[in-house]
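**Student:**
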Amino acid sequence: MPELPEVETIVRDLNSQTKRKKITSVKILDAKAVKLPINKFYKQVVGQTVKAVKRRAKMVIIELLDKFLLIHLKMTGQLVYQAGKKIIAGGHPLAHIAKELPNKFTRVIFEFNNKSKLFFNDLRKFGWIKIASKQELEKISDSLGAEPLDSEFNLAKLKEILSHKQNTTIKQAIMDQKYLVGLGNIYSDEALFLSGIKPTRKVKTLTVREIKKLWRAIPRILKYAIKHRGTSFSDYVDAKGEAGNFIKYLKVYGRAGEKCKVCGGVVKKTKINGRGTHWCDKCQK
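Numbering (our numbering), first residue to last: 1124 to 1408.
Here it is in structure tokens:
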């Protein structure tokens, strides 16, 4: 599943590709992908112009003139923008679901006034597209946690978040989208490594100093990942056709059994709440 840096990269690039383009047609190949009767979806979307493409949590928000298209890629969703022979994509890293468009994984196709197209592909069909009014979007947004890159995410905010999660592990706490959005397996592991905190620690055992280090580490890791266009483990490319290269900078995630890049110790792996979790015993306490 794409995390905040991957979605942010997709959003920034799709914004430059689709902004001010009019949606001239929509083809819905899987009615379950859109959370509205097909005829109503057509009427509300066709003829609308894209004002901007934004992000809230891990959700892509396409702002139209008087409503919003909300897209969640979930586990295997993918957005593929095609302009002539040029194909650019973001989301799930399986390259074959972005080839020979449309294909058996294509759920929805948006066509724009310049004949370019935006394909919503989804292998496992967990992703979705919704239409929301401004008020509905605000309600959804209010149900989600703090944005770790916003100025409102200060030390006091992190302390408040952790006060609700005292008996859970710190990894589970910072991955709970109800309180803090955007962090998944990759960046939770990396932020905890940077802050020197073992992911299996209970929140209630953390010191004020450790919480402060974590507060600094979370946005630092996310910004650095965005700078490098996210993490790519396979054939994932962003909306400019470029693969994310943050994988080169990962300290622990996906490196079980390898030497720690900082101390030379061995990176370990366990499962926390069913999630593969990586850490260094020497660097993290």
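The beta-carbon is built from N, C-alpha and C at its ideal position, and this holds for glycine as well.
Give me the DSSP bridge partner(s) of S1229.
**Tutor:** Looking at the sequence itself, residue 1229 is Thr, so the reference to Ser does not match. According to DSSP, T1229 bridges with N1244.
**Student:** Tell me which residues share the same chain as L1159 and place their Cβ nearer than 8 angstroms to its Cβ, disregarding the 5 neighbours each side in the sequence.
**Tutor:** Same-chain partners within the cutoff: Q1167, K1253 and I1254.
**Student:** For Y1165, report the span of its alpha helix (DSSP H) as first-last.
**Tutor:** From DSSP, the alpha helix (DSSP H) with Y1165 extends over I1161 to V1168.
**Student:** Decide if G1397 is buried, meaning its Cβ has at least 16 other Cβ atoms within 10 Å, or exposed.
**Tutor:** By the neighbour-count rule (16 or more Cβ atoms within 10 Å), G1397 is not buried but exposed.
**Student:** Here's the rule I'm using: 16 or more other beta-carbon atoms within 10 Å means buried, otherwise exposed. How should V1203 be labelled?
**Tutor:** Result: buried.
**Student:** Ignore the nearest five residues each way along the sequence and tell me which others in L1127's own chain have a CB closer than 6 angstroms to its CB.
**Tutor:** Answer for L1127: G1305 and L1345, listed in chain order.
**Student:** In terms of DSSP beta bridges, what is Q1201 paired with?
**Tutor:** Answer is G1214 and N1244, bridged to Q1201.
**Student:** Which term fits L1329, buried or exposed, when burial requires 16 or more other beta carbons within 10 angstroms of its beta carbon?
**Tutor:** L1329 should be labelled buried.
**Student:** Please state whether the Cβ-Cβ distance between K1181 and G1307 is less than 9 angstroms.
**Tutor:** Closer than 9 angstroms, so yes.
**Student:** Return the Cβ separation of V1169 and V1149 in integer angstroms, given the expectation that the two are a contact with Cβ distance under 8 angstroms.
**Tutor:** Confirmed, about 6 angstroms.
**Student:** Which residues in the same chain have their Cβ closer than 7 angstroms to the Cβ of K1408, if we skip the five residues on either side of it in sequence?
**Tutor:** Closer than 7 angstroms at the Cβ level, and outside the excluded window around K1408, lie G1319 and K1321.
**Student:** So K1394 is in the beta strand (DSSP E); what residue range does that whole segment cover?
**Tutor:** Where K1394 is concerned, the enclosing beta strand (DSSP E) stretches over V1390 to I1395.
**Student:** Is the distance from the Cβ of K1145 to the Cβ of F1243 below 9 angstroms?
**Tutor:** No, these two residues do not count as a Cβ contact at 9 angstroms.
**Student:** Can you tell me whether H1401 is buried or exposed, with buried defined as 16 or more other CB within 10 angstroms of its CB?
**Tutor:** H1401 is buried by the Cβ-count criterion.
**Student:** Which of helix, strand or coil does DSSP assign to T1323?
**Tutor:** Coil, per DSSP.
**Student:** Does A1269 come out as helix, strand or coil in the three-state DSSP assignment?
**Tutor:** Note: A1269 maps to strand in three-state DSSP.
**Student:** In three-state DSSP terms, what is T1291?
**Tutor:** T1291: coil per DSSP, three-state reduction.
**Student:** The beta strand (DSSP E) spanning A1175 covers which residue range?
**Tutor:** Residues A1175 to R1179.
**Student:** Are the CB atoms of K1257 and K1197 within a distance shorter than 9 angstroms?
**Tutor:** No, Cβ-Cβ distance for K1197 and K1257 is not below 9 angstroms.
**Student:** Using the rule of at least 16 other Cβ atoms within 10 Å of the residue's Cβ for burial, across every protein chain shown, is A1212 buried or exposed?
**Tutor:** Buried is the call here.
**Student:** Do K1325 and T1354 have their C-beta atoms within less than 9 angstroms of each other?
**Tutor:** The answer is no: Cβ separation not under 9 angstroms.
**Student:** At the level of alpha carbons, what is the spacing between K1382 and R1339?
**Tutor:** Whole-angstrom Cα-Cα distance: 25 angstroms.
**Student:** Who are R1398's beta bridge partners in DSSP?
**Tutor:** In the DSSP output, where bridge partners are listed per residue, R1398 has I1395.
**Student:** What residue does the alpha helix (DSSP H) around I1349 start on, and which one ends it?
**Tutor:** Residues V1331 to K1350.
**Student:** State the Cα-Cα distance for the pair D1358 and N1368, rounded to the nearest angstrom.
**Tutor:** Note on D1358: pLDDT 44, under 50, position unreliable in the model; the coordinate value appears next. Approximately 11 angstroms, taken between the alpha carbons.
**Student:** If we ignore side chains and look at the alpha-carbon of each, how far apart do L1224 and K1336 end up?
**Tutor:** Taking the straight line from one Cα to the other gives about 46 angstroms.
**Student:** Just to confirm the assignment, what range does the beta strand (DSSP E) spanning I1309 have?
**Tutor:** That residue, I1309, is in no beta strand (DSSP E); its alpha helix (DSSP H) goes N1308 to S1318.
**Student:** Given this structure, state the Cα-to-Cα distance separating I1370 from I1293, to the nearest angstrom.
**Tutor:** So the alpha carbons of these two residues sit roughly 23 angstroms apart.
**Student:** Report the CB separation of V1176 from L1137 in whole angstroms; it is logged as a contact under 8 angstroms.
**Tutor:** Rounded, the Cβ-Cβ distance is 5 angstroms, consistent with contact.
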